[in-house]
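Visitor: UniProt numbering puts the first residue of the sequence shown at 1, with every later residue one more than the last.
My structure is below; once you've seen it, I'll send some questions.
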Amino acid sequence: MATEVLTQMQALPVRSAGRLLLIWQNPETRAFVRVAALDHLVDGRYAFRYLEAARRGDFQPLVEFPDFDSVYVSDKLPAFFGNRVMSHRRDSYPTYRHWIGLDEPGSDTPFEVMARTGAPRATDTFHIVDDLRLGSDGSVVSRFLASGVRHVPGANERLEQLHEGQRLELRCEPDNPVNNRAILIDMVVDEPVGYVPDWLVDDVHNLRNQASSLVLTAERVNMDAPPHLRLLCKIEAG
């Protein structure tokens, strides 16, 4: 894989067609920190760079990207990210692809798979998410899998009644014993079916504060899937 190393002061070779953020959970404080950004450039290449928060605290640079002050531009998806995406060769891949709402041919790009799933691995504390900041046109559209479905009493029974395309509600849960910024996902008022993933909570709070409108819908309900893949949500703000 050919990799060009630039300084942070240099502009990207061409503009970005999409951006994902790398979120690291500090194992000591449990805080989620935005440590890096991965851009998919319009010419097909990828550009990785660290964000300012990575330079603070206990975070150490990744082996593949050892310098905090460089931009790494490569022809192919860097291995750190590629290894987090399910192989198309696995027998279960067509079902998995359906569960995350990527049935259309060519829609299951690594970027889109990571954005929808968070691309977690049991061996580390990283998550990969869409950039939920409002775009240049003042809007954002993204998708994520609901967390905590198995921990919400009655969630499965409610999901069986939930229709794809149905509007959902967001509800803050300040008395949550684990995270006082937690956000519940309600089928209707006070009938929860899951949570916004913890690593997305701050972004969703910010989006709710900044956007004039925000709509959350159930894009895919997968009662035959494991709990963490059971509800795919679509968020639209503007």
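Even glycine gets a Cβ: it sits at the ideal position worked out from N, Cα and C.
Would you mind sorting Y46 into buried or exposed? The rule is 16 or more other CB atoms within 10 Å of its CB.
Guide: buried
Visitor: Taking the alpha-carbon positions, what's the residue 239 to A182 distance?
Guide: One cannot answer for residue 239 here, as it falls past the ends of the chain, which runs 1 to 238.
Visitor: Closest by CA to D131, which one among M223, V141 and N180?
Guide: V141
Visitor: Taking L134 as part of the alpha helix (DSSP H), name the residues at either end of that continuous run.
Guide: Note, L134: premise wrong, no alpha helix (DSSP H); not H, not E.
Visitor: Considering only the alpha carbon of each residue, which of S147, F68, T29 and P110 lies closest to H40?
Guide: For the residues S147, F68, T29 and P110, the minimum Cα distance to H40 belongs to P110.
Visitor: Nearest CA to the CA of V14: which residue from V152, V73 and G194?
Guide: V73
Visitor: So which of L159, E236, D124 and T29 has the shortest CA-CA distance to N179?
Guide: T29
Visitor: Beta carbon of G238, beta carbon of G165: below 7 Å?
Guide: no
Visitor: If contacts are defined as beta-carbon pairs under 8 Å, then G194 and V152 qualify, I think. What distance do you get, rounded to the angstrom?
Guide: 6 Å
Visitor: What residues in its chain sit with their C-beta under 8 Å from that of A31, if we drop five residues either side in the sequence?
Guide: In the same chain as A31, and ignoring 5 residues on each side of it, the C-beta atoms closer than 8 Å to its own belong to Q25, in chain order.
Visitor: Should residue 249 be labelled buried (16 or more other beta-carbon atoms within 10 Å of its own) or exposed?
Guide: In the structure as shown, the chain starts at 1 and stops at 238, and residue 249 therefore has no counterpart that could be examined.
Visitor: Keeping to the same chain, check which residues put their C-beta closer than 7 Å to that of A155; ignore five residues upstream and five downstream.
Guide: Excluding sequence neighbours, A155 sits near V149, P192, V193 and G194.
Visitor: What first and last residue would you give for the beta strand (DSSP E) that runs through H228?
Guide: Element bounds for H228: n/a, residue is neither H nor E.
Visitor: Could you name the residues of the same chain whose beta carbon sits closer than 7 Å to that of R55, not counting the 5 residues immediately before and after it, in chain order?
Guide: The beta carbon of R55 sits closer than 7 Å to those of F68, all from its chain and outside the five residues before and after it, given in chain order.
Visitor: When burial is assigned at 16 or more other CB atoms within 10 Å of the CB, is M223 buried or exposed?
Guide: The residue is exposed, with fewer than 16 neighbouring Cβ atoms inside 10 Å.
Visitor: Would you list, in sequence order, the uninterrupted alpha helix (DSSP H) runs of no fewer than 4 residues that lie entirely inside the region 25–109?
Guide: 79–82 and 93–99
Visitor: Look at the alpha carbon of T217 and the alpha carbon of D108, and state the distance between them as a whole number of angstroms.
Guide: 20 Å
Visitor: Using the Cα positions of S213 and R89, report the straight-line distance between them to the nearest angstrom.
Guide: 41 Å
Visitor: Helix, strand or coil: how does DSSP classify L127 here?
Guide: With the sequence shown as reference, residue 127 is identified as His, and Leu is not the correct amino acid for it. In the structure shown, H127 sits in a strand (DSSP, three-state: E or B).
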